[in-house]
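Residue numbers (this note's numbering), protein chains in the order written: chain A, 480 to 933; chain B, 997 to 1303.
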Amino acid sequence: MALRATIRGRTYRFESIKEVLAKANPPKSGDALAGIAARDAVERVAARAVLSELTLAQLRQNPVVPYEEDELTRLVEDTLDDQAYRAVQDLTVGQLREWLLETGTTGARIRAISPGLTPEMAAAVCKLMSNMDLMVVGRKCEVVVRANNTLGLPGRMSSRLQPNHPTDDVEGILYSTREGLSYGCGDAVIGVNPATDTAESTAEILRALHDLMRRNGVPTQHCVLSHITVQMRALSELRSPMDLMFQSLAGSEKANTAFGISVGLVDEAYAMMRELATTRGPNRMYFETGQGSALSSDAHHGADQVTMEARCYGFARRYKPFLVNTVVGFIGPEYLETGSQITRAGLEDHFMGKLLGLPMGCDACFTYHSAMSQDELESLKVLLGAAGCAYLMSLPVGDDIMLNYQSTSFHDIPSVRGLLESRPTPEFDAWLEAAGIMRDGRPGPRFGDAEAIR
Amino acid sequence: MSALSRTRELVAALRHELGAQDPLPPAPPLPKVEPPPVRVFPTRRTESRYAQAASAHTTALLGIGHVGTRYATDVVLQFQAELAVAHEAVGTELPDDWAARNGLLPLRTRVADHREFLLRPDLGRRLDDASLARLRSDARRGVDVQPILADGLSAVACMGSGLALLEAYTRELEARGLTVGTPMCAKFARVWLEDEIGEAVGAKVAAILLGERPGLGTGDGLSAYLVFGPRVGKTDGDRNMMSNIHARGTPPEQAGRRLAVLTRAMLDQGTSGVALDLANLAAELGEAAGTAYRAPQKRVRLVEVER
């Protein structure tokens, strides 16, 4: 491997595939913070040119974290689908990009090769694609999953209702939930980030949401996003109703250790959910990811944040999750500085996750110290919807009063659905129509009327 | 008939079908547009029953209604005002002479400007050479506690209630017979800066009081992070923290008292962070122990227009 390209007489040399992958990235403050970004725009193109000529087999042989050092690398390598891999192993990254974009390459064909792709391959092709390339292919990918309802069908866009509260006041959580449902939100999940990470508090919130869903016959799922070990206690010891089990994932063994998890632990949780979950399944897990999390615990192994993000998806797909979303602007400007960086990252993550077979949603969001405007954030939600994103978040005016950041609002969900003529999951859609919240896919007589929900 | 003339015929028929002259006929005239019903960001007088009931339990902005699927104009303005307050708090810089004017030892990190402060947390965790020299020559050494006031992510909060918190905390520490280091203030500072400062002055406990990342409509909150045995290399698990220090959360007077209780516990137990046992202090600490219920703060209306 020469890893060399010449642009206008100047030759650019790269030491490793890891360096090529990093320098091929569009500008991200996190890659600059890690000291691995391209020096300038020309070097970036040179890296992309080198990357375009690498074969998928070469990428498989050169994971960004060595097999011996990292259980995620081992997981991907040891469980890769051989038949699917053999179908694409001789393609270069440039050829994979073109194959994905070809009209004849349908969602079913992408689905056939997906289990043969490593995260590094998904990240590599991502770096050769423009935002619109990412959207075009993302839209083609077919990922349909089922828990209590069926998510990811064509023409559908769902939302997580996120009724967080700074002190986990259950009444406060229920007030936000009722209002969100009345705007047609919550078909992906009603999911609460708790302020207090205890099994008792997790169980109390789960019970209250479960009762509300029962009382109103809402066909959706619920989840409390405490640490996975806390949820396991709530499920096995306190026997809480639990439709989905949640965990944040990172892209290396070392970073997951900082999160207090391992492949073995998530295996155990998954087995517990198959036995005890209150959803019919077959999909029962919920994962969140986000570019920069590995670097923030100094566990990126010198790799760029897009590649480390793809490795989260290599981990997630083992558990056939019902939901995966990237919390794209939450981590802060030291990783994603501006609206264009956050937008790019959202589209990248959606594309890579879908390509690797995951039901990708996105928490399109910013913290108040990043350089993204509200208008840019609203645009991103439409771009994601057009790219076939399975779900967005939803909160009162997009304001998370517990985590202090700006996300998607209750009002944004019916707005994006209206713009793109998309509908919620079929089961939830039927419930909204029956409740008078929607009428033929448009706001109905009880739209926005929280008192329609008991 | 040739393929070309067939196409011409098809196009002509299509144009006729779409409206021979004008593809979009003029809109019928409307009588005077009546103003829609008044929808305002809830105040005591105007809020909906649902919003009123919800506000006893949450500060989430509920019961605000909708126009089509979007917000009423008044809600948009209120939202934009809250956003502007948050952005202003992040964007405001601590004036270089603010520390000295307020009788505090002025310190600065290795950060060059505000953008670098946001992008390089590593530089905000270390003092520049001049500040380190000033600290070594001017600050009292070998104290029990070294409080450090700092801008963090909101200089507005630092300048707003920073002095009040520093004074309250110092007074409460002295009332417990503890020695307190030279009052100081650091610009472009991150939490972990307390490690280097505490180590340099040989303090048993370092406590950095700094502006927290603003939320919507709130740029005036301070947080405090305390660490026992400060030295470079301590991690988040070694620290105890208290957030939401401001008039609508925990007021500075009360926060100073709670932080002093926390400090005393660190000195007594010789540790901090996850290893610190706070079980016996719960009542005295309130939410600084991380357990007590806190009633929701009231969301205030920011925009008023004179008519």
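Idealized CB from N, CA, C, for every residue including glycine.
- Within chain B, no residue has its CB atom less than 7 Å from the CB of Ser637 of chain A, the nearest being about 16 Å off.
- Between Gly915 of chain A and Pro905 of chain A, the C-beta spacing is not below 7 Å.
- The beta carbons of Asp648 of chain A and Ser680 of chain A sit no closer together than 7 Å.
- Annotation: the continuous beta strand (DSSP E) that includes His701 of chain A extends over His701 to Val703.
- In the three-state DSSP reduction, Asp842 of chain A falls in the strand class (E or B).
- Taking a contact as a CB-CB distance under 8 Å, the pair Arg1172 of chain B and Ala1256 of chain B counts as one, their CB atoms being some 6 Å apart.
- Identification of residues in the region 1075–1087 of chain B having a C-beta nearer than 7 Å to some C-beta of chain A yields Phe1075, Leu1079, Ala1082, His1083 and Val1086, given in sequence order.
- For chain A, none of the residues of the region 1216–1249 of chain B brings a beta carbon within less than 7 Å of one of its beta carbons.
- In this structure, B:Ala1085 is the residue among B:Cys1181, B:Arg1116, B:Ala1085 and B:Thr1214 with its C-alpha nearest to the C-alpha of Ala1151 of chain B.
- Pro893 of chain A has a beta carbon lying within less than 7 Å of a beta carbon in chain B.
- The Cβ of Arg1136 of chain B sits no closer than 7 Å to any Cβ of chain A.
- Rounded to the nearest whole angstrom, the CA to CA distance from Ser593 of chain A to Asp510 of chain A is 27 Å.
- Going by DSSP, Tyr870 of chain A is part of the beta strand (DSSP E) stretching over Tyr870 to Ser873.
- Sequence-distant Cβ neighbours of Gly1198 of chain B in its own chain, meaning closer than 8 Å and more than five residues away, are Arg1137, Gly1138 and Val1139.
- The Cβ-Cβ distance between Leu728 of chain A and Thr768 of chain A falls below 7 Å.
- Taking a Cβ-Cβ cut-off of 8 Å, the neighbours of Arg1066 of chain B in chain A comprise His890 and Ser894, given in sequence order.
- DSSP places Phe1224 of chain B in the strand class (E or B) of the three-state scheme.
- Per DSSP, Thr1069 of chain B is one residue of the alpha helix (DSSP H) stretching across Thr1069 to Gly1087.
- Chain B places no beta carbon closer than 7 Å to that of Ala729 of chain A, leaving this residue out of the contacts.
- Flagged as an interface residue toward chain A: Leu1114 of chain B, by a C-beta distance shorter than 7 Å.
- In the DSSP assignment, Glu1190 of chain B falls within the unbroken alpha helix (DSSP H) covering Leu1189 to Val1197.
- Ser638 of chain A is bridged by DSSP to A:Leu871.
- Neighbours of Tyr1165 of chain B in chain A, taken as residues at a C-beta separation under 7 Å, are lacking, since the least C-beta distance is about 23 Å.
- Close to chain B, meaning a Cβ-Cβ distance shorter than 7 Å, are the following residues of the region 652–666 of chain A: Tyr654, Ser655 and Glu658.
- Per DSSP, Gly509 of chain A is one residue of the alpha helix (DSSP H) stretching across Ser508 to Leu512.
- In the DSSP assignment, Thr805 of chain A falls within the beta strand (DSSP E) that extends over Leu802 to Val806.
- Between Leu1058 of chain B and Glu658 of chain A, the C-beta gap is smaller than 7 Å, which places the two residues in contact.
- In this chain, the beta strand (DSSP E) harbouring Lys1183 of chain B covers Met1180 to Lys1183.
- In the DSSP assignment, Glu767 of chain A falls within the unbroken beta strand (DSSP E) covering Met764 to Thr768.
- Classified as buried, Val1107 of chain B has 16 or more neighbouring CB atoms from the shown chains inside 10 Å of its CB.
- According to the DSSP assignment, Arg1111 of chain B belongs to the alpha helix (DSSP H) that extends over His1110 to Leu1115.
- Between the alpha carbons of Ala865 of chain A and Ser531 of chain A lies a gap of roughly 27 Å.
- Within chain A, the residues placing a beta-carbon under 9 Å from that of Arg1209 of chain B are Gly811, Thr846, Tyr847, His848, Asn883 and Tyr884, ordered along the chain.
- Cβ neighbours of Glu827 of chain A within its own chain (closer than 7 Å, five residues either side excluded): Cys605, Leu613 and Val785.
- Look at the beta carbons and you see the region 585–604 of chain A touching the region 832–842 of chain A: at least three pairs across the two are nearer than 8 Å.
- In the structure shown, the three-state DSSP call for Gln1017 of chain B is coil.
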